[in-house]
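Visitor:
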Amino acid sequence: MELLECRRMTAQQTKQCVSLLVQLGQYDRAVKILLETRPDQPEYVEMMQKACLVAAATLNPRYTQDQSSYSSRNLFLSTLEGSAMELISNGHFDEGIEMLCLMGNQMEACKQLMEKDKTITAVWLAKSTLKKEDCETILRKWAVALISSKSEFKVMAAFVFIYLGDHVQAMQILNSLHHYQIVARYAESIEQLGLFEELISLLDRPLYNSIKTDAFVEFARVLSKVGHKSAAMYYAQKAGERGQPLAEEIDYLLN
Numbered sequence: 001m002e003l004l005e006c007r008r009m010t011a012q013q014t015k016q017c018v019s020l021l022v023q024l025g026q027y028d029r030a031v032k033i034l035l036e037t038r039p040d041q042p043e044y045v046e047m048m049q050k051a052c053l054v055a056a057a058t059l060n061p062r063y064t065q066d067q068s069s070y071s072s073r074n075l076f077l078s079t080l081e082g083s084a085m086e087l088i089s090n091g092h093f094d095e096g097i098e099m100l101c102l103m104g105n106q107m108e109a110c111k112q113l114m115e116k117d118k119t120i121t122a123v124w125l126a127k128s129t130l131k132k133e134d135c136e137t138i139l140r141k142w143a144v145a146l147i148s149s150k151s152e153f154k155v156m157a158a159f160v161f162i163y164l165g166d167h168v169q170a171m172q173i174l175n176s177l178h179h180y181q182i183v184a185r186y187a188e189s190i191e192q193l194g195l196f197e198e199l200i201s202l203l204d205r206p207l208y209n210s211i212k213t214d215a216f217v218e219f220a221r222v223l224s225k226v227g228h229k230s231a232a233m234y235y236a237q238k239a240g241e242r243g244q245p246l247a248e249e250i251d252y253l254l255n
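Okay, here's the thing in structure tokens:
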């Protein structure tokens, strides 16, 4: 067998060698040979998939009588993961993603999908298969990616952060887009419904108060410009000290 392994030159000879090794129950050697297939060979995908099939045979109870179940499972999983990453890096992306999912590594599949800008598929897969914490990790990565894109996608990022319960981050995004009315009403709703203690952590409260105050001042300024003086005064006063100069200006206009 060693002579046959060394002298194999063609794909047919490799297949014959693998076949003999499988028949002899030497699965680990067969897997090693299959994984050596070059990406430019026509049978590359077939060989990667066959390597996984052969590795799966090591989980057969008859085989594990002479091998530890740990080493058998380790060979199987490492073969699947190695094959998946080989397929992905060599242009067979869909087959690699399928293989990652076959081994139960949907988290890595989601990361690979996001790297290829297949974000919607990654989010769908995360929400369908991952536990809450892992799903939130993928959603947060999506939201961060949306922030760095066009302004219309930044609003979607805010919605994602609201879904994740990160209300301060959502308010910060909306404020940066000059959606002062939404931020002002958002903050008012949180406080009027008595949800401030529940939704805003101690660490986030200074930033929350700063964003809220800024939104109140800017919304008051907009209201004043369009002639809603009483409403403008209301929000200027809610802004406290920062809104005082604007409140005095509005008061002068009202009188």
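If you're matching positions, the sequence shown starts at 1 in full-length UniProt numbering and goes up one per residue. Glycine included, C-beta positions come from ideal geometry on N, C-alpha and C.
How about alanine 187 and lysine 212: do their beta carbons lie closer than 7 Å?
Guide: Contact check for alanine 187 against lysine 212 passes: the beta carbons are separated by less than 7 Å.
Visitor: Compute the distance between the beta-carbons of valine 45 and valine 31, then report whether it is under 7 Å.
Guide: no
Visitor: Taking the straight line between their C-alpha atoms, what separation do you get for glutamine 112 and phenylalanine 153?
Guide: Each residue's Cα considered, the two are about 21 Å apart.
Visitor: What separation, rounded to the nearest whole angstrom, lies between the Cα atoms of lysine 118 and aspartate 94?
Guide: 11 Å
Visitor: With a 10 Å radius around its C-beta and 16 neighbouring C-beta atoms as the bar for buried, classify glutamine 106 as buried or exposed.
Guide: Classification for glutamine 106: buried.
Visitor: Helix, strand or coil: which one does DSSP assign to threonine 10?
Guide: coil
Visitor: Does chain C have any CB closer than 7 Å to the CB of serine 83?
Guide: The structure shown contains no chain C; it holds only a single protein chain.
Visitor: Specify whether the stretch 241-250 and the stretch 203-217 touch according to this definition: at least 3 beta carbon pairs, one from each stretch, less than 8 Å apart.
Guide: yes
Visitor: Start and end of the alpha helix (DSSP H) containing aspartate 214?
Guide: 205-225
Visitor: Got a sec? Which residues, its chain only, sit under 6 Å from leucine 87 by beta carbon, not counting five neighbours each side?
Guide: Met48, Glu95, Gly96
Visitor: Quick check: the Cα distance between leucine 4 and glutamine 41, rounded to an integer number of angstroms?
Guide: Annotation note: pLDDT 49 at leucine 4 (below 50); position unreliable, coordinate value reported separately. About 20 Å.
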